[in-house]
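Protein chains in written order, with the numbering used here: chain V, 3 to 137; chain G, 3 to 137.
Note that the Cβ used here is the ideal one computed from N, Cα and C, for glycine as well.
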DNA sequence: TACATAGTGTTATATTATAACAACTAAAAA
DNA sequence: TTTTTAGTTGTTATAATATAACACTATGTA
């Protein structure tokens with residue numbers, strides 16, 4: 003019920019591109035997506051970017067802004083791309099979507115000095131993942 | 003004393019570019035910076051990007067990742083670009099650096115499910131600024 | 001059917017960013 | 001003072017990321 007936004011009917015291109023991103027263990031860049039779907043008939047950057055835009059809009063994927071890369075949403079609590087948080091390992095570049103009720107609550111209610119509240123946010127944490135910490 | 007990072011001696015190019023960004027009321031993009039400093043002898047993108055990289059590194063400016071633009075640091079509490087937060091108006095694109103002790107404390111101490119803490123973060127809030135709210 | 005809305009395919013181009021290399025400069029170590 | 005070193009500079013070329021514009025097609029709905 004709260005997952006309405008997951009139930010869009012994807013078009014052919016959107017589905018091809020979503021499936022690729024969803025299967026990937028790390029974020030994918032637009033042109034790497036392009037190379038990977040050319041055998042499926044998607045030939046031009048714009049076809050990729052249009053699908054990406056739509057998928058971001060409906061919350062099926064997120065853009066990792068600091069990396070210009072895209073990752074599938076694995077967090078049912080991020081409301082249609084409006085509130086996202088990620089951890090990024092600075093060595094292996096592993097990206098994980100953070101799903102913390104406390105964090106989302108804190109940020110959703112955050113007010114600045116003027117008392118402004120915001121409708122949307124994106125947070126990126128940087129550091130070392132567990133594996134890289136041990137090396 | 004806590005401002006050590008503000009006291010780097012900037013080189014000529016770094017100074018020219020920092021001054022431009024610092025005087026600007028909104029974030030500036032790399033190529034718009036380039037056009038604005040060509041009369042001062044900075045001719046190539048790389049000269050701009052190198053200065054920007056250095057200025058980001060020493061915390062005199064920040065990159066607004068979602069906009070690919072650069073803004074001067076006006077927040078003595080953001081420790082050398084390691085912990086940054088901004089509000090971005092989706093209509094007029096005004097960007098303000100948020101300086102909230104509560105927020106920085108909360109995020110600096112945030113631990114994910116595995117208990118990982120992170121050394122760095124960047125947070126971007128989106129919404130309407132006061133002026134645009136009233137329109 | 002016919003209408004509106006969204007998506008497609010295509011070419012061209014704009015925007016953002018880095019590689020590689022030779023030369024220069026300032027600061028400090030010898 | 002000379003030498004070394006690390007950092008910066010200037011330059012050309014190119015890579016990587018993203019959008020404009022336009023004609024056409026599919027799909028749902030009235």
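Outcome for residue i when other beta-carbon atoms lying within 10 angstroms are tallied against a minimum of 16
i	result
residue 47(V)	exposed
residue 106(V)	buried
residue 3(V)	Below a pLDDT of 50, predicted positions are generally treated as unreliable, and residue 3(V), at 25, falls in that range; the measurement from the model is reported next regardless. The residue is exposed, with fewer than 16 neighbouring Cβ atoms inside 10 Å.
residue 70(G)	exposed
residue 100(V)	buried
residue 89(V)	buried
residue 16(V)	buried
residue 53(V)	buried
Where the beta strand (DSSP E) containing residue i begins and where it ends
i	result
residue 74(V)	71-74
residue 124(G)	122-129
residue 65(G)	63-66
residue 20(V)	Run containing residue 20(V): none in the beta strand (DSSP E); it sits in the alpha helix (DSSP H), 14-25.
residue 99(G)	97-99
Cα-Cα separation between residue i and residue j, rounded to whole angstroms
i	j	result
residue 95(G)	residue 108(V)	24 Å
residue 131(V)	residue 42(G)	44 Å
residue 134(G)	residue 21(G)	28 Å
residue 68(G)	residue 85(G)	16 Å
residue 24(V)	residue 60(V)	15 Å
residue 112(V)	residue 63(G)	24 Å
residue 119(G)	residue 137(G)	41 Å
residue 115(V)	residue 65(V)	28 Å
residue 77(G)	residue 97(G)	13 Å
residue 87(V)	residue 27(G)	28 Å
residue 124(V)	residue 29(G)	18 Å
Member of the options whose CA lies at the smallest distance from the CA of residue i
i	options	result
residue 32(G)	72(G), 105(G), 84(G) and 20(G)	72(G)
residue 44(G)	29(G), 18(G) and 74(G)	18(G)
residue 13(V)	49(V), 90(V), 122(V) and 102(V)	49(V)
residue 122(V)	92(G), 40(G) and 30(G)	92(G)
Limits of the alpha helix (DSSP H) - the one that residue i falls within
i	result
residue 134(V)	132-136
residue 59(G)	47-59
residue 35(V)	32-39
residue 89(G)	Premise fails: residue 89(G) lies in the beta strand (DSSP E), 85-91, not in any alpha helix (DSSP H).
residue 106(G)	103-110
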